[in-house]
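Enquirer: One structure, as structure tokens, below. Some questions next.
Numbering (our numbering), first residue to last: 236 to 333.
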């Protein structure tokens, strides 16, 4: 979350959204707070206009936006990361919807 290479040049998104400063030493509390704020923000980015926020698009879109690395096999960017997180949660907790 607070790695030097993750900071977008010319923006202060991580400061504005998650309250972080570049090269800040991360405490467990600061890390946990930022880890919750950042995907909530990413889940509100309008897919048709990345410069605008809209209503929360759900956990899957938030995770896709959280780590939007290029995916293989024609999947949308970030899909492999989102799928991996949900598959691990499923493996850990099972079908909580039953």
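Cβ coordinates follow ideal geometry from the N, Cα and C atoms, glycine included.
Predicted model only: the values in this text are computed from it and were never measured.
Run through the region 271-308 for me and flag every whole alpha helix (DSSP H) of 4 or more residues, listed as ranges in chain order.
Expert: 294-301
Enquirer: Take the Cβ of residue 313 as the centre, count every other Cβ of all protein chains shown within 10 Å, and call the residue buried at 16 or more, exposed below.
Expert: buried
Enquirer: With a CB to CB cut of under 7 Å and the five nearest residues on each side skipped, what residues in its chain are close to residue 297?
Expert: 274, 275, 277 and 278
Enquirer: Between the alpha carbons of residue 295 and residue 315, how many angstroms are there, rounded?
Expert: Roughly 11 Å separates the two Cα atoms.
Enquirer: Label residue 293 either buried or exposed according to how many other C-beta atoms from any shown protein chain fall within 10 Å of its C-beta, with 16 as the threshold for buried.
Expert: exposed
Enquirer: By the DSSP assignment, the alpha helix (DSSP H) with residue 353 in it spans what residues?
Expert: No statement about residue 353 is possible, as the shown extent of the chain runs from 236 to 333 and does not include it.
Enquirer: Hey, would you say residue 311 sits closer than 9 Å to residue 299, going by beta carbons?
Expert: yes
Enquirer: Excluding the 5 residues flanking residue 289 on each side, which residues of the same chain have their C-beta closer than 7 Å to its C-beta?
Expert: 279 and 281
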